[in-house]
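> Note that the protein sequences, when read in sequence, are chains A, B, C and D. The UniProt record's numbering puts the last residue of the first sequence at 156; the count rises by one with no breaks. The UniProt record's numbering puts the last residue of the second sequence at 156; the count rises by one with no breaks. The UniProt record's numbering puts the last residue of the third sequence at 156; the count rises by one with no breaks. The UniProt record's numbering puts the last residue of the fourth sequence at 156; the count rises by one with no breaks. The beta-carbon is built from N, C-alpha and C at its ideal position, and this holds for glycine as well. All values reported here derive from a predicted model rather than from experimental measurement.
4 protein chains.
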Amino acid sequence: MAGVNKVILLGNLGADPEVKYLEGDNVVANLRLATTESYKDRNGNRVEQTEWHDLELWGGQAKIAEQYLKKGMQLYVEGKIKSDTWQDQEGNNRKRTKIRVLSFTMLGSKSDNPGGGAPGGYSENKPASNPMANQPKAEAAPDISAPSDDDDDLPF
Amino acid sequence: MAGVNKVILLGNLGADPEVKYLEGDNVVANLRLATTESYKDRNGNRVEQTEWHDLELWGGQAKIAEQYLKKGMQLYVEGKIKSDTWQDQEGNNRKRTKIRVLSFTMLGSKSDNPGGGAPGGYSENKPASNPMANQPKAEAAPDISAPSDDDDDLPF
Amino acid sequence: MAGVNKVILLGNLGADPEVKYLEGDNVVANLRLATTESYKDRNGNRVEQTEWHDLELWGGQAKIAEQYLKKGMQLYVEGKIKSDTWQDQEGNNRKRTKIRVLSFTMLGSKSDNPGGGAPGGYSENKPASNPMANQPKAEAAPDISAPSDDDDDLPF
Amino acid sequence: MAGVNKVILLGNLGADPEVKYLEGDNVVANLRLATTESYKDRNGNRVEQTEWHDLELWGGQAKIAEQYLKKGMQLYVEGKIKSDTWQDQEGNNRKRTKIRVLSFTMLGSKSDNPGGGAPGGYSENKPASNPMANQPKAEAAPDISAPSDDDDDLPF
DNA sequence: TTTT
DNA sequence: TTTT
């Protein structure tokens, strides 16, 4: 039976993308995304809780990520949960879960809001951190509806 | 900044729920849900890929799960990703990811379709496997829009 | 800025699909889907509220809908909101909203559960109402992850 | 059968909220949100398509909207489709669809990015347009996971 | 370990 | 007009 496995995240990048070029034209980018939730505990104190997600992008999306995504940027992401399982040296079953990104949209970065940052902050590299602002979208837009191009032939 | 951490799953239960009653009135149910995706590989062969998800439900939802959910049933789930991190005996950082369920809806089970099953099949326990069919909804309906009741006071 | 416009529905078809073959190989299917929510009002009475959605499918998905979808079936749908605006004869601005379906998954129909229906029920046409059960999936599976094939060249 | 009726939008406000205080402590806010999608047509030209959504918020969320939301701000929204149906003076069946917002998150506004705006732009009222930046979140955060408080007793 |  |  066909199923549904869908993840929607909106958060901030904890680091610049890590990109690897593999044999056979494949490219993979790994991202760390933080989603923060805040709520009041039973004593009425506000608590912030951050969840860190390991994102994985392939192909053209990995290249766009490499070019445009920077630590601190806010990102909207759609994808699916994917886990690797293996046995470690002690023979224990291990599992690692990541999010395979199917589409994403950049929403800004800390440098978009210089008034809110620390002195110095990100303001110097602002043009670099959001270079799409003044470019024709056709070149680079990681369009929300852009289908992932590699579902059928990736080795997993 | 407030973030979004949302998971939507539609799949089948790999086993009956495992329910634990904790001190202080807390109840937790753990479920294993399989979401299956099928696609054609580069050679045109159809491939099925199953992802297994660890679901966690608390409070009233755990009790509904205990009463009504059975291995094989099809379930629609909304929730969020939650991971535990710890150090193992060797001092390595470990992480385990699960889905904290915020709402769910039962969609059926094998026993809903006796004609498709093996002789004997599930038909005898059909009433047991879907007891809500003839009950007033007010009693038990795990309503899609039922808010989770314990976001604020659980220890995580 | 790229945006997000996403709809997720799970409900039942109020009627068989209405399919139109247009010039130039285009096919469009229109569906009526009911999503029902139940809750208690302030007096503790259970209330059911049904929302009817107008769905529109194009191309290959419209053909799959024509073949397999029947009144009463339960459907999971992903899509986006799309509205037509026009002026009526009195010169008033009018607007009609529908859901452009991007992917869908059949979850069953009344005939999957003959024991729950009236005598006679739907059991005779069960094979017709769910013909995919015994067919190779490659032929017809309206796979959840099947990208819509016509985003770029439809006249709207 | 419990159903699912879920809408996820990320876009920009076309105008300030319109807020009405009703008898009996009820408050309703109406918003216009634009979601823009860009794609290439069959001739390779980039096309932008904007969909306008009518949003409706009730109760505490309406008050937060009144205080903090301004024309141009970027908003993430979760909600459900709700339609009103009636007969017009000619006796025709009419239908109007809107999005009942269940939670939302402010993502910024044009004034967050002064470099991208027209001269004059929004920069003067930036503090006003995003007053939450320097406030304790407890006061006003329209938290993503804040359950709507009025599902059970509103007259629709 | 589920389901088709 | 669906479904439970």
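Mapping the DSSP letters down to three states, classify Asp54/C as helix, strand or coil.
strand
> Could you check how far apart the C-beta atoms of Leu31/D and Gln74/A are, in whole angstroms? I think they sit under 8 Å.
In fact, because the Cβ distance is near 21 Å, the residues do not count as touching under 8 Å.
> Which residues of the segment 26-51 of chain D have a Cβ closer than 9 Å to any Cβ of chain B? Give them in chain order.
none
> Does DSSP put Lys71/C in a helix, in a strand, or in coil?
Three-state result, Lys71/C: coil.
> So, is the C-beta of Tyr76/B closer than 9 Å to a C-beta in chain C?
yes
> Under 9 Å Cβ-Cβ, which residues of chain B neighbour Ile8/C?
When 9 Å is used as the limit between beta carbons, Ile8/C is near these residues of chain B: Ile8, in chain order.
> If you measure between the beta carbons of Ser38/A and Val47/A, is that distance less than 9 Å?
yes
> Hey, residue 162/A and Ser83/A are a contact pair by Cβ (cut 8 Å); roughly how many whole angstroms apart?
Outside the displayed span of chain A (1 to 156) sits residue 162/A, for which this structure offers no information.
> Can you confirm whether Ala2/B, when its beta carbon is compared against all beta carbons of chain D, has any partner nearer than 9 Å?
yes
> Let me make sure I understand the geometry here. Which of Ala2/A, Asn26/A, Thr36/A, Val4/A has the alpha-carbon closest to that of Asn12/A?
Thr36/A
> Whole angstroms are fine: how far does the CA of Leu22/C sit from the CA of Glu66/A?
43 Å
> Does Met73/B come within less than 9 Å of chain D when only Cβ atoms are used?
no
> Listed in chain order, which residues of the segment 77-108 of chain A have Cβ atoms closer than 7 Å to some Cβ of chain B?
Ile81, Lys82, Ser83, Thr97
> Rounded to a whole number of angstroms, what is the C-alpha to C-alpha distance between Asp41/C and Asp25/B?
Between the alpha carbons of Asp41/C and Asp25/B lies a gap of roughly 28 Å.
> Residue 212/D by DSSP, collapsed to three states: which one?
Any answer about residue 212/D is impossible in this case: the structure gives chain D only from 1 up to 156.
> On the DSSP letters alone, give me the boundaries of the beta strand (DSSP E) that Gly3/A sits inside.
Careful: Gly3/A lies outside any beta strand (DSSP E) and carries neither H nor E.
> Reducing DSSP to helix, strand and coil, say where Gln49/A ends up.
strand
> Determine the DSSP secondary structure at Glu23/B, reduced to helix, strand or coil.
helix
> Between Glu18/B and chain C, is the shortest Cβ-Cβ distance under 9 Å, so that the two count as touching?
no
> When we look at the beta-carbon of Ala15/A and count the other beta-carbons within 10 Å, is it buried (16 or more) or exposed?
exposed
> Closest by CA to Ala34/C, which one among Ser103/C, Glu90/C, Val77/C, Leu102/C?
Val77/C
> Indicate whether at least one CB of chain C lies closer than 9 Å to the CB of Gly11/D.
yes
> Would you identify the three-state DSSP class for Gly59/D, choosing helix, strand or coil?
helix
> Can you say whether Glu51/A is buried or exposed, counting buried as having 16 or more other CB atoms within 10 angstroms of its CB?
buried
> Just to confirm the assignment, what range does the beta strand (DSSP E) spanning Arg42/D have?
Premise fails: Arg42/D is in no beta strand (DSSP E) and is neither H nor E.
> Using 9 Å as the threshold, is the C-beta distance between Gly59/A and Lys6/A below it?
For the pair Gly59/A and Lys6/A, the CB atoms are not nearer than the 9 Å cut-off.
> Between Ala17/C and Leu69/C, how many whole angstroms is the CB-CB distance? I'm expecting something under 8 Å.
For clarity, residue 17/C is Pro in the given sequence; the question names Ala instead. At roughly 5 Å, the Cβ-Cβ gap stays under 8 Å, so Pro17/C and Leu69/C are in contact.
> Look up residue 171/A in the DSSP assignment and say whether it is helix, strand or coil.
No statement about residue 171/A is possible, as the shown extent of chain A runs from 1 to 156 and does not include it.
> For Thr85/B, count neighbouring Cβ atoms within 10 angstroms of its own Cβ and tell me buried if that reaches 16, exposed if not.
exposed
> State the DSSP-derived secondary structure class of Glu66/B, mapped to helix, strand or coil.
helix
> Specify the secondary structure class of Asn92/C as computed by DSSP and reduced to three states.
coil
> Where Asp88/D and His53/C are concerned, what is the direct C-alpha to C-alpha distance, given to the nearest angstrom?
Each residue's CA atom was taken as its position, placing Asp88/D and His53/C some 21 Å apart.
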